[in-house]
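Data first, discussion second: the structure below is written as structure tokens.
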Amino acid sequence: MSRGELNISRWLEAHSDRTAGVTTLPRNAELVDVAGDGDYRLVITDLNLQNDNRSRLKVYKGSLTSDIILPDVPNSLITFYPNQLEPRIPAVAVACGSDLFIYKNNKPFYKFRVPSTPILPLEAEFWKKCHEDEQTNSDIGKAVEELKALPFDLLSSRQTHAAKKATPFIMKSIGLFDVEYRIVVACREGHICILRRGWLEGKSIIQMIHNIIDIVIIPGDNFIVVATADKMLNCYTKRGQNLWSTKMTSSATCLCLVPLHHLGINLVAVGLRGGAIHLYQGRYPVDYTTVPDTPSVITFGQLGQEENVMVVITLAGTMTFKILKRTADFNLSVKENVPILQSTPLPLPKRSKLFLEQSLREKQTALGRNGENKEYYLELKHLKYTGSFILDMHQKFQQDLIRLRLTSARELVSNVTKQSSIGNDEEQIKLTARVPLMPPSFPYKMSIQVEEILSETSEEQQSATNLSCGSIIRVYIIKGNHTQPILAATVNMPSVENI
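Each residue of the sequence shown is one higher than the last, beginning at 1 in UniProt numbering.
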């Protein structure tokens, strides 16, 4: 699709706050009904790496409505429902370091800490001395030499390295925990791993050559869309098979899923350097919009009472709200070349009567004439039939072949010996009767024309008879040794009184 076709804006600029000063990262913003009153709000983390200021958890409803101080630098934010009680109020979970803080109704609700691995007593004593007393460089050097004398220094070089180096930094989940689920993990080394229910170890299904920027999972098909540092947008199945790849105009900074339920489609919003946001349906761009600066976070969903709202936070801290027009349409003018795996089922022809009869025959043959099961068995890779089954099928085929030959022979004999009444086209015979008005004799002339199939000429024969006027003359043509005529004709002779 050309740039001119995308020039029609489908978005309304609802609000843009250049003084928001929000610094955040992807996967740190959600649109959620935190109060359970049906009024959706923007929940976002504001990162601050300075010592004098702390990171914060902020809630926006047009303006800032809640500001909560976080104990550490946040790296991710999600929302979930902790129970089934009514009214259903979601909880906000924020990961900070090794702690997971859960907030409900904008208040601390629960804290979970990942169990840490205990350190050696000698190392713990060293860190305690560093905290209490002022250690010089020489003291630190001596302590490091003492730590090198620990038993792990006796291990070989092979035992001190991990077999697979993979550092996860993006996690996406599919399905339900109690039924069936998958966890897709993107690693900084370019691996995309998957975890399933009952697995004790993840499996690497995709190996990217370039660094991974962000990933999203398209619901329904469970396709994995990956943006990489080489300006490529790739799509994979949950088994790791590449469906398509497309080149982007600039480097991507973030991805966001844009589900449009009223249109029945799922778009992927790609934030690009320079402030452009492209929306893709499959491999094709269907729309684009712009923001004042390079987008850092894009989130889409319901905000307030408006269903389709896109919130964009840029690297400069600008917060922009865009509303999708209700008349927006994302139909492609050119039919998309859909890969085989995501195409519609093959247009198989309808089952014919011959196919149904053959299937019924095979079922009856497999069960036998008296309903007795034949000896057959099914292996994992090959379907093997025993000799009795093959013999029955061969006998059935021979019976049908003999029956076909017999039917053909009967039809041939019937056609050869067929004798019809007046107008026998099969015998190639023509009968013509003429009565010239030549009183008083009224001669009757009959012409018989016989044409053989292999003959190109015809021969005419004439005969005459003397009958009284006004009589009815019937003419029959009979083959030798046959009693049924093959042709008949009736002639009414004129009367003398009527002339």
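Think of the CB as a built atom: it goes at the ideal place given N, C-alpha and C, for glycine as much as any other residue. None of these values were measured; they are calculated from a predicted model.
In this structure, Lys-322 lies away from Leu-42, with their beta-carbon atoms at least 8 Å apart. With respect to the 8 Å criterion, Asp-293 and Gly-304 are not classified as neighbours on the basis of their beta carbons.
Judged by beta-carbon spacing, Val-32 lies within the 8 Å limit of Pro-90, meaning their Cβ atoms are closer than that value. DSSP places Val-144 in the helix class (H, G or I) of the three-state scheme. With a beta-carbon spacing of about 5 Å, Val-312 and Ile-298 fall inside the 8 Å limit used to define contacts. With contacts defined as CB atoms closer than 8 Å, Val-225 and Leu-255 qualify as a contacting pair. In the displayed model, Pro-485 falls within coil according to three-state DSSP, outside both helix and strand.
The C-beta distance from Ile-477 to Leu-431 rounds to 7 Å, short enough to meet the 8 Å contact threshold. Bounds of the beta strand (DSSP E) holding Glu-30 are 29-32. Comparing alpha carbon positions, the residue from Val-92, Met-393, Arg-410, Leu-260 closest to Ile-44 is Val-92.
Beta-bridge partners assigned by DSSP to Lys-247: Met-232. It is roughly 30 Å from the alpha-carbon of Met-208 to the alpha-carbon of Val-114.
DSSP, reduced to helix, strand and coil, places Ala-35 outside both helices and strands of the structure shown, so it counts as coil. The three-state secondary structure of Lys-238, taken from DSSP, is coil. Measuring C-alpha to C-alpha distances from Phe-330 to each of Asn-266, Met-310, Pro-71, Ser-414 identifies Asn-266 as the nearest. Separation of Pro-219 and Leu-47 (C-alpha to C-alpha, rounded to the nearest whole angstrom) is 30 Å.
Residue nearest to Lys-247 within the set Asn-234, Lys-238, Lys-350 is Asn-234 (criterion: CA-CA distance). In this structure Arg-56 does not touch Leu-77 by the C-beta definition: roughly 12 Å separates them, more than the 8 Å allowed. Under DSSP, His-191 forms a beta bridge with Gln-207. In the three-state reduction of the DSSP assignment, Ser-414 falls in the helix class, which pools H, G and I.
The alpha helix (DSSP H) runs of length 4 or more contained entirely in the stretch 270-308 do not exist; there are none.
In the same chain as Ala-409, and ignoring 5 residues on each side of it, no C-beta atom comes closer than 7 Å to its own. Its chain contains Ala-91, Ala-93, Phe-109, Tyr-110 as the residues whose beta carbon lies nearer than 6 Å to that of Ile-102, once the 5 sequence neighbours on both sides are disregarded; these appear in chain order.
Less than 8 Å separates the beta-carbon of Ile-213 from that of Ala-252. Ile-194 places its beta carbon less than 8 Å from that of Ile-205.
The secondary-structure analysis by DSSP pairs Thr-45 across a beta bridge with Leu-57. Nearest Cα to Ala-20 within the set Thr-318, Asp-39, Ala-489: Thr-318. Counting along the chain, the unbroken beta strand (DSSP E) around Ser-76 starts and ends at 74-80.
Counted as a single uninterrupted DSSP element, the beta strand (DSSP E) harbouring Ile-217 occupies residues 212-218. When Asn-211, Ser-16, Lys-61 are compared, the shortest CA-CA separation from Gly-38 is found for Lys-61. Leu-64 counts as exposed, since fewer than 16 other beta carbons sit within 10 angstroms of its beta carbon. Checking the DSSP bridge columns, you'll see Asp-67 partnered with Lys-58. Residue burial annotation: Gly-301 is buried, with at least 16 other C-beta atoms found within 10 angstroms of its C-beta. For Leu-315, the CB contacts under 7 Å within the same chain, skipping 5 residues up- and downstream, are Asp-293, Thr-294, Ser-296 in chain order.
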